[in-house]
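Scroll down for the structure; my scribbles are underneath it.
Numbering (my numbering), first residue to last: 28 to 115.
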């Protein structure tokens, strides 16, 4: 599979935004302008990349909250009458 230079540079811009890699972003935007990509289109790409960057953060936060919250059922000593189903 091969990608055209325009697709490559727009992907590099998106990746640089996602990683907050300012040096890579500067190089990629300069390259995009050299390829003739209009500033308005670059602003659209940057806005989309920034919007996408925010989504995983909320998903990660939600997952971490789920994993670290206290269990709802308190632990207890097992006995033949506890009916928890966790004893043999």
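Virtual Cβ for every residue (Gly too), placed ideally from N, Cα, C.
For residue 41, the uninterrupted alpha helix (DSSP H) run begins and ends at 32–46, by DSSP. Of the residues 89, 28, 56 and 61, the one whose Cα lies closest to the Cα of residue 72 is 56.
Between the region 44–61 and the region 76–91 there are three or more inter-stretch CB-CB distances shorter than 8 angstroms, so the stretches are counted as touching. Inclusion of residue 40 and residue 74 in the CB contact set at 8 angstroms is not warranted, their separation being larger than that value. With a threshold of 16 other beta carbon atoms within 10 Å, residue 50 falls short and is exposed.
For residue 53, the enclosing alpha helix (DSSP H) starts and ends at 49–61.
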